[in-house]
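Just below is one structure, and these are the notes that go with it.
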Amino acid sequence: MDRGIIRVLVAKMGLDGHDRGSLIVTQALKDAGMEVIYTGLKNTPEAVANIAIQEDVDVIGISILSGAHLVLVPLLFEALKRNGAEDIPVLIGGVIPSPDFPKLKSMGVKEIFPPGSSLDSITEYIRCLKSEKGGRK
Amino acid sequence: MEENKSVNDIVKKIKEGHVRSIAKLITLVENHDPISVGVIKHVYPDCGKAHLVGVTGPPGVGKSSLIAALIREFRKRKKSVGVLAVDPSSPFSGGAFLGDRARMVELSGDKDVFIRSLASRGMAGGLSAAVNDAADILDVFGKEIVLIETVGAGQSEVDIAKIAHTVLVVLMPGYGDQIQALKAGMMEIADILVVNKADKEAADATATDLFVVQGLKSKRDGSWAVPILKTSALSGEGIEELVEAISNHYRFIKEHDLLTKKNRERRTREFLDILTRQIRDEFMEQIEEDQRLRQWVQKIGDLELDPYSASEQVITMIREARQRKIGKETGPKPEAAQES
């Protein structure tokens, strides 16, 4: 049996055309030996939930630079819940003002990686998440 | 016991069409988890309803965008569609960037479309080792069309022809001249040749080049004349015709008894692959445990015994054991997995 390779979904939602950050993170995760599914731009929260389920990812990484995080993130959690997938951890990266951190965390976001976060901190965090789960069942 | 319970649980959920269980089962297949083997044993008799369509071609010709356009057209015709999109794993980190879905954005909301990205994980033929079982799983899940996208293949990545019923080889204007088209490999596996990006200049010239070469080639499926179609995944031009051609090919191979032949060949090959792997694993395990066997294998390393003779000796032993057994009984009886 293979060691379970970590699968990550990197997604962009809503009207947000900036994908440089998400592509850099995608590369870093790939270089760390993970399989990264990249959605491309302008997905709906419902579509992101569907993709996460079909791709059976260990974690969802959302990049938001549009300022719409407080609107889109609750919609994503609703969609995940509706499809019985609220157990998939969600991380957020991008331009998020620090006063919004507690709000996002209370919605269920596991961790937030604002500008200046090191790529290593992201890959390390995801590795820890996976080992906490004790492998996939 | 625990394993049996999981297997039965998964089999039940798959037959109910539970999407998440299907996705998780494909992960188990990818990870060579024994539970996935248990599930395949149960659902195997239900396979064989889906039309498996391979989509291959060099990187950048628009395979993913073409698949997105094909899904839209198949959905118009009320067909449920599964997609297995293979991208390469990094030989350095083992990681992968699976970006095919980015071309299929608006289809992720459709409940009758199931798309799964697979990393090649070291396989060289343009596919992933999991594709065979994953295609069966989508088949059992009720997908009428299963589109399999290979990694951007070069000239020898032709494994898709061993699995798919219909193979599309996708090219684009300016891909190469007649000499390229005459080379062995990818061009030989095409059931349908597609010149994508037909909105670009020189699409006609490429199609003509292919047409000239087609006349010089031997045919894979008897009298099937390989159509050369121009498409634009961008504008939708030629997509309806392509879907027609795909359906025509399926009908053709059914009418000419080629479908059964292709399926039998695929299953026999699959069986031999599994058998070879299991014999090898079993042998490796025996060597670990059996010191006499280990010493015998060491002789090969010390140049006292050549590997050909050693292999012949093993085959002779198996043959003798089989003859002794057949003497006692009537021979091996193939048995399917029992429903439990």
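Sequence order for the protein chains is R and H. Residue numbers for the first sequence follow our numbering, beginning at 9 and rising by one. Residue numbers for the second sequence follow our numbering, beginning at 8 and rising by one. Backbone N, C-alpha and C fix where the C-beta goes; we use that ideal spot for every residue, glycine too.
Distances from the alpha-carbon of residue 45/R to those of 128/R, 33/R and 115/R put 33/R closest. At a cut-off of 7 Å between C-beta atoms, residue 124/R does not count as an interface residue with respect to chain H. The beta carbon of residue 127/R lies closer than 8 Å to those of 32, 33 and 36 in the same chain, with the five residues before and after it left out. Chain H has no Cβ within less than 7 Å of the Cβ of residue 98/R.
Secondary structure at residue 46/R: strand, using DSSP grouped into helix, strand and coil.
Taking 7 Å as the cut-off, the Cβ atoms of residue 99/R and residue 118/R count as close.
Contact with chain R is found for residue 124/H, since one of that chain's Cβ atoms lies less than 7 Å from the residue's Cβ. Assigned with DSSP and collapsed to three states, residue 118/R falls in coil, not helix or strand. Straight through space, the alpha carbons of residue 110/R and residue 156/H are spaced by roughly 43 Å.
Around the beta carbon of residue 21/R, a 10 Å sphere encloses 16 or more other beta carbons of the protein chains shown; the residue is thus reported as buried. Closer than 7 Å to the CB of residue 22/H there is not a single CB belonging to chain R.
By the Cβ test, the segment 138-149 of chain H is not in contact with the segment 244-252 of chain H, since fewer than three Cβ pairs between them sit closer than 8 Å. Going by DSSP, residue 30/R is part of the alpha helix (DSSP H) stretching over 28-39.
When DSSP assignments are scanned along the segment 232-278 of chain H, the uninterrupted stretches of beta strand (DSSP E) that are 3 or more residues long and fall wholly within it turn out to be 235-237.
With a threshold of 7 Å between beta carbons, residue 128/R makes no contact with chain H. Boundaries of the alpha helix (DSSP H) around residue 301/H: 298-308. By the beta-carbon neighbour count (other beta carbons within 10 angstroms, threshold 16), residue 121/H is buried. With fewer than 16 other beta carbons inside 10 angstroms of its own, residue 39/H counts as exposed. Flagged as an interface residue toward chain R: residue 103/H, by a C-beta distance shorter than 7 Å. Taking the Cα positions, residue 325/H is about 24 Å away from residue 310/H.
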